[in-house]
Structure formats: C-alpha cells, structure tokens
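Q: Here you go, one structure.
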C-alpha cells in the first residue's frame with residue numbers, strides 16, 4: 274500500500290485521466306481510498322441523479338466541475354458541502370458534474 278496518494282490540480286481537471294467504473298445509473302466512480310472512510314471521485318452524466326437517501330455519517334463533497342442540486346441549493350465548482358449525519362436529500366445534476374466525495378459510512382437509500 275502506498276504511503277500517500279497525490280492528485281494534482283483536481284479543480285482544473287486533474288481527474289480527467291483517471292479510470293472510472295460504473296457506480297450507480299448515470300454515475301461513474303474512481304475510488305481513491307476504500308474502507309472507512311472512503312474517498313472517491315464521482316462523475317455524473319448530464320441528467321443523472323441520486324434518489325432520496327439518509328446520511329449514516331457525515332459526508333463531504335468538493336465540487337470539481339459542473340453543478341449539482343438538492344433542496345438546499347445548487348453547488349458549482351469550488352463549493353464545499355458537508356452533509357451531516359442524519360440528514361436526507363435527493364441530488365440531481367441536469368448538466369452533469371464531477372465531485373470529490375468522502376464518507377465514513379455508506380448512505381441508506383430511502384426511495
């Protein structure tokens with residue numbers, strides 16, 4: 274196992290050459306760290322969404338490209354969002370987006 278993982282210039286597309294794999298319908302993933310916590314880059318196709326889900330632990334999101342919306346607002350590149358344990362929301366990305374995501378426990382899908 275490596276001592277560290279270094280990704281340069283993520284906010285300016287440093288993620289574009291990473292290999293992605295299917296994750297959820299319309300969403301691809303590149304895992305940077307598996308286990309607890311998990312850290313990944315998610316790539317949403319235009320129109321992709323995540324149904325209503327419950328955060329079983331805090332989750333942090335750094336928007337790298339595009340936009341993503343939930344009931345609280347729309348987030349764009351450079352925005353940082355923390356979804357607290359116990360919070361619930363649906364996520365949509367009409368234009369598509371790329372996010373850096375960290376979570377300690379998987380979400381529980383409610384829909």
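Numbering (this note's numbering), first residue to last: 274 to 384. Note that CB positions come from ideal geometry on N, CA and C, so glycine has one too. Here the structure is a predicted model, which means the values were calculated and not measured.
(1) Pick helix, strand or coil for residue 337, following the three-state DSSP scheme.
(2) For residue 363 and residue 354, I'd like the C-alpha separation in whole angstroms.
(3) For residue 303, write down the residues that DSSP places opposite it in a beta bridge.
(4) Is the Cβ-Cβ distance between residue 309 and residue 377 less than 7 angstroms?
(5) For the beta strand (DSSP E) that contains residue 346, what are its first and last residues?
(6) Please report the Cβ distance between residue 284 and residue 350, rounded to the nearest whole angstrom; I am assuming they are in contact, meaning their Cβ atoms lie under 8 angstroms.
(7) Leaving out five residues on either side along the sequence, give the residues of the same chain with a beta carbon under 8 angstroms from the beta carbon of residue 348.
(8) For residue 294, count neighbouring Cβ atoms within 10 angstroms of its own Cβ and tell me buried if that reaches 16, exposed if not.
A: So, from the listed chains and residues:
(1) Within the chain shown, residue 337 is the residue found at index 64, counting from 1. Three-state result, residue 337: strand.
(2) Locating residue 363 in the chain shown gives position 90, counting from the first residue. Locating residue 354 in the chain shown gives position 81, counting from the first residue. So the two alpha carbons sit approximately 14 angstroms from each other.
(3) Within the chain shown, numbered from 1, the residue matching residue 303 stands at position 30. Under DSSP, residue 303 forms a beta bridge with 314.
(4) On the chain shown, residue 309 is found 36 positions in, with the first residue counted as 1. On the chain shown, residue 377 is found 104 positions in, with the first residue counted as 1. Taking 7 angstroms as the Cβ cut-off, residue 309 and residue 377 qualify as a contacting pair.
(5) The residue you call residue 346 lines up with position 73 of the chain shown. Looking at the DSSP string, the run of the beta strand (DSSP E) that includes residue 346 is 346–349.
(6) On the chain shown, position 11 is the one that residue 284 refers to. On the chain shown, position 77 is the one that residue 350 refers to. Contact between residue 284 and residue 350 holds: their C-beta atoms lie close to 7 angstroms from each other, under 8 angstroms.
(7) Start at 1 with the first residue of the chain shown, and residue 348 comes out as number 75. Cβ neighbours of residue 348 beyond the five flanking positions: 334, 336, 340, 341, 342, 354.
(8) Translated into positions along the chain shown, residue 294 becomes position 21. By the 10 Å Cβ count, residue 294 comes out exposed.
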